[in-house]
Amino acid sequence: MRIAGFDMAWRPENNNSALAIGELVGTELNVLFCRVATQSVEAWVADIVSSSIEGIAIDAPLIINNQEGQRGCEAQLNQVFRGAKAGCHPSNLTLYPNAASVRAAEMLRLHGFEHLGTKHFMLECYPHPSMVELFGWRERLLYKRGSVAERKQGQIQLAQAILSLQTADVSLVIEDPILKSLQADYIEDLRGAAVKANEDLLDALVCLYIAALYQTDQAAYVFGDVESGYVWVPKFRD
7 MRIAGFDMAW RPENNNSALA IGELVGTELN VLFCRVATQS VEAWVADIVS SSIEGIAIDA
67 PLIINNQEGQ RGCEAQLNQV FRGAKAGCHP SNLTLYPNAA SVRAAEMLRL HGFEHLGTKH
127 FMLECYPHPS MVELFGWRER LLYKRGSVAE RKQGQIQLAQ AILSLQTADV SLVIEDPILK
187 SLQADYIEDL RGAAVKANED LLDALVCLYI AALYQTDQAA YVFGDVESGY VWVPKFRD
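Take any residue in the sequence shown, note its place counting from 1, add 6, and you have its number in this note's numbering.
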């Protein structure tokens, strides 16, 4: 089946989002396509629907019903992952009264995608705690902050971790030109806006892998619920 990972910007019409698409055959995930772009919510949903995707993991809040504070799922996640510095920021209607991600989820629902569903599923994911679980890290990887040099070194570490999934139980198959984006020398040579664009691409690949874990019935935390908001995080440790 064809699945996707979507690293969605808060304002996708003004900032880059990244979409990674793969083909899951048994427990082998072949990465087919990655795209980083700035475009409207409607355009992204059209891309997803036209790509014959049957399941997607999205790094963005898909359900926001609370007026203030944090969602229940965020509070639950923070209790488990705060020690690993992998908690999440609050989402509410005061901060995000018309969140692009919520609109995207509603549009996908109209196209037959179901929250935490079995066929044509969509799920809200969060890469930081997912990577802590997946790679056995004590703390989240700091690849989004610091100097450009520090951010690039963080990307190199993340890329190496992603490449290690080539021999995982759910195996990841990546070929050029996407494979180039995970090579240390390529990352070292990035300049300007290309540094952030490559970060977005790596995040989308992680989201894609999370979608594969969901489809292959990986044990997981499901914080919250589909009425008040939820986050799906794979669980590899007791």
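Backbone N, C-alpha and C fix where the C-beta goes; we use that ideal spot for every residue, glycine too.
Where methionine 128 is concerned, the enclosing beta strand (DSSP E) starts and stops at 127-130. With a cutoff of 8 angstroms on beta-carbon distance, alanine 111 and isoleucine 59 are scored as not near each other. Cβ contact annotation for alanine 167 (same chain, cutoff 6 angstroms, sequence separation greater than five): Phe141, in chain order. Residue environment: glutamate 74 is assigned as exposed (fewer than 16 neighbouring CB atoms within 10 Å of its CB, all protein chains considered).
When the beta-carbon positions are compared, valine 42 and histidine 121 stay at least 8 angstroms from each other.
Taking the CA atoms as reference points, glutamate 181 sits about 8 angstroms from valine 37. Here tyrosine 220 really is in contact with alanine 63; their C-beta atoms are around 7 angstroms apart, less than 8 angstroms.
In this structure, the straight-line span from the alpha carbon of leucine 185 to that of phenylalanine 12 is close to 18 angstroms. Secondary structure note for cysteine 213: it is in no beta strand (DSSP E), and the uninterrupted alpha helix (DSSP H) holding it is 199-221. Under the three-state reduction of DSSP output, alanine 174 falls in the coil class, being neither helix nor strand. Per the Cβ contact rule, the region 187-207 is in contact with the region 146-164 (3 or more Cβ pairs under 8 angstroms). Unbroken beta strand (DSSP E) runs of no fewer than 3 residues, entirely contained in the region 132-190, are found at 177-179, following chain order. For serine 56, the secondary structure class from DSSP, reduced to helix, strand or coil, is helix. The C-alpha of lysine 202 is placed about 11 angstroms away from the C-alpha of arginine 151. Leucine 114: member of the alpha helix (DSSP H) spanning 106-116, first to last residue.
The beta carbon of alanine 26 is closer than 6 angstroms to those of Gly11, Cys40, Ala210, Leu211, Leu214 in its chain, skipping five residues each way along the sequence. The way I'd put it, the region 46-58 doesn't touch the region 83-94; fewer than three beta-carbon pairs between them come closer than 8 angstroms.
Relative to the Cα of isoleucine 70, the nearest Cα in the group Arg243, Asp244, Val237, Phe242 belongs to Val237. A direct Cα-to-Cα measurement between histidine 134 and methionine 14 gives close to 15 angstroms. Per DSSP, reduced to three states, the secondary structure at cysteine 94 is coil, with no helix or strand assignment. With a threshold of 16 other beta carbon atoms within 10 Å, aspartate 244 falls short and is exposed.
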